[in-house]
Amino acid sequence: MDWCYYGNKIKELSHQDLSGMHIGYMRFSSFIWNRAKEIITSKDGNLILTTIKYLFHGQNNINFSNLDGLILTIGSPALKYTKKIFKGFADANINDIQKAYNIQHYLGQLQINNDTFINEVKEMREKFDAKLAIQNIMQFQ
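Anchor point for the sequence shown: position 24 equals 331 in our numbering, and the numbering is continuous, going up by one each time.
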């Protein structure tokens, strides 16, 4: 990832198209697709969060574009994970709630051209925020 980041900086400064950036994008995409397979089978919150952070970094710091397919592939099980935590909120431990909240945060920060996905992420985030606000009020009474 760092190599891609610095390669992108060199590309910006030199105004040249570097073949290494294309190779980096292909390797990044391959890495994320492999992670997607793991996420679909394991449904591990840590793996989901780490992978979404990679996507976020790739999109925002390295300026990889055309990540919509990867975002949707990772985003679907990520949303299922957060919905599961939300549904069992009262019984969930604080670490799982924090992971789900962070997943929602990063999903909301990803840029994607899919209104259905954007709205679903936004709706889930609003539910989480409301639930956390109620939880915090109840703790201080």
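Every residue, glycine too, gets a C-beta built ideally from N, C-alpha and C.
Note that the structure is predicted; figures quoted are calculated from it, not measured.
Inter-residue spacing [alpha-carbon to alpha-carbon] between residue i and residue j
i      : j      : result
Glu345 : Ser372 : 23 Å
Gly395 : Leu439 : 13 Å
Ala385 : Tyr332 : 22 Å
Ser349 : Lys387 : 12 Å
Ala437 : Gly376 : 30 Å
Ile392 : His322 : 46 Å
Thr380 : Ala397 : 29 Å
His364 : Ile441 : 32 Å
Lys403 : Ile330 : Sequence check: residue 403 is Asp here, not Lys. Rounded to whole angstroms, Asp403 to Ile330 spans 36 Å at the Cα level.
Gln366 : Met431 : 22 Å
Asp351 : Ile369 : 26 Å
Ala343 : Gly415 : 18 Å
Asp422 : Ile401 : 31 Å
Tyr413 : Ala399 : 20 Å
Leu354 : Glu433 : 23 Å
C-beta atoms of residue i and residue j nearer than 8 Å
i      : j      : result
Phe435 : Gln411 : yes
Thr358 : Ile378 : no
Gly382 : Phe335 : no
Asn426 : Leu356 : no
N-terminal and C-terminal residue of the alpha helix (DSSP H) that residue i is part of
i      : result
Ala385 : 375 to 394
Lys407 : It is Ala, not Lys, that sits at residue 407 in the sequence shown. Looking at the DSSP string, the run of the alpha helix (DSSP H) that includes Ala407 is 401 to 416.
Asn420 : From DSSP, Asn420 is part of no alpha helix (DSSP H); its letter is neither H nor E.
Asn353 : 352 to 367
Contact test: residue i Cβ vs the ligand NAP heavy atom, cutoff 7 Å
i      : result
Gly376 : With respect to the ligand NAP, the structure offers nothing, as it holds no ligand at all.
Closest by C-alpha distance to residue i, when choosing among the options
i      : options                : result
Leu374 : Val428, Asn420, Lys429 : Asn420
Ala407 : Thr389, Ala399, Tyr361 : Thr389
Lys360 : Leu417, Val428, Glu433 : Leu417
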